[in-house]
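Residue numbers (my numbering): 44 to 248.
We put the beta carbon where it would ideally sit given N, CA and C, even for glycine.
A short write-up of the structure that comes next.
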Amino acid sequence: MINMNDKTKITFLLIIFFLIIVLGFINIGLISSNNSQSEFNRTVSQASSIENISDMEFAKYYNKSITTSDESISVFKNKTKYIDEEILILQSFDDKSGNDTLKDYVNLEIKRLTSEKEAFDYLIRDMENYNRYKNKSITEEHALGVSNQNTMELERISNNTFSIKNECEYYLNTHPDIREVLINLNVDDDFYANNIQYSNITRII
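This is the structure:
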């Protein structure tokens, strides 16, 4: 027969057991949150490093007053390779984190980069079109038609990229803690600011 003291001991033990379970879940949650943040910091820093290298290489081309169509194609293709690397790195974050807030931000950056890559794909097409005209493989009328179509597509993509950047900026305004982390990590400012880039006047020969 269980007396009152035994009941008190059992109740006390049950309370302790319950607290251990609750504290265990809290601890697991904290560890998971810390792991997600550490993985986010590592992933974004790694992607940003690639974007910095890519931007520096592209700046050399961008600042030229005269270049060739072949050089332009080479530079644009190289740029898309860098973007592909960034996207793969950012996509890997999805399997490494349970933090939906960080995941949503990373997915917005993937959208930005995907749109930017599409722009460079059309720039490559435009330069290849120019080469075909220069080599007399196509008529001037055909070349102009293709070029005009590419220009319209580039305008559409530019508007889309600007819209995505606005979306990213709004998201960071509603999650200032993420913006602060990005600034403290000293990542490329494309990851937290809606930079407007104007086209340089480069003569293609």
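How many Å lie between residue i and residue j at the Cα?
i: Lys91; j: Asp127; result: What sits at residue 91 in the sequence shown is Ser, not Lys. Distance between the alpha carbons of Ser91 and Asp127 is about 13 Å.
i: Asn150; j: Thr157; result: 10 Å
i: Arg155; j: Tyr176; result: 32 Å
i: Asn216; j: Arg222; result: 8 Å
i: Gly141; j: Phe163; result: 33 Å
i: Asn84; j: Asn95; result: 16 Å
i: Val230; j: Val224; result: 9 Å
i: Glu171; j: Asn78; result: 46 Å
i: Gln89; j: Lys139; result: 15 Å
i: Tyr173; j: Asn193; result: 11 Å
i: Pro219; j: Lys179; result: 55 Å
i: Ser75; j: Gln134; result: With a pLDDT of only 44 at Ser75, under the threshold of 50, the placement of this residue in the model should not be trusted; the figure read from the coordinates follows. When rounded, the distance between both Cα atoms is 19 Å.
i: Lys208; j: Ile109; result: 30 Å
i: Thr144; j: Val87; result: 14 Å
i: Ile226; j: Tyr214; result: 15 Å
i: Phe136; j: Gln80; result: 11 Å
Please name the residue, chosen from the options, that lies closest to residue i on a Cα-to-Cα basis.
i: Glu82; options: His218, Asp233, Lys120 and Leu228; result: Leu228
i: Ile167; options: Lys146, Arg155 and Val189; result: Val189
i: Glu210; options: Phe234, Thr194 and Asp220; result: Phe234
i: Asp147; options: Ile226, Glu212 and Asn78; result: Glu212
i: Ser97; options: Glu152, Leu145 and Lys124; result: Lys124
i: Asp113; options: Ile226, Asp169 and Asp232; result: Asp169
i: Ile130; options: Leu197, Ile93 and Ile153; result: Ile153
i: Glu161; options: Asp137, Glu198, Leu187 and Asn191; result: Glu198
Locate the alpha helix (DSSP H) running through residue i, then write down its first and last residues.
i: Ser158; result: Asp143 to Lys177
i: Val189; result: Glu183 to Thr217
Any contact of the segment 93-101 with the segment 114-126, i.e. 3+ C-beta pairs under 8 Å?
-> yes
Could you tell me whether the segment 198-214 touches the segment 167-187, using the rule of 3 or more Cβ pairs below 8 Å?
-> no
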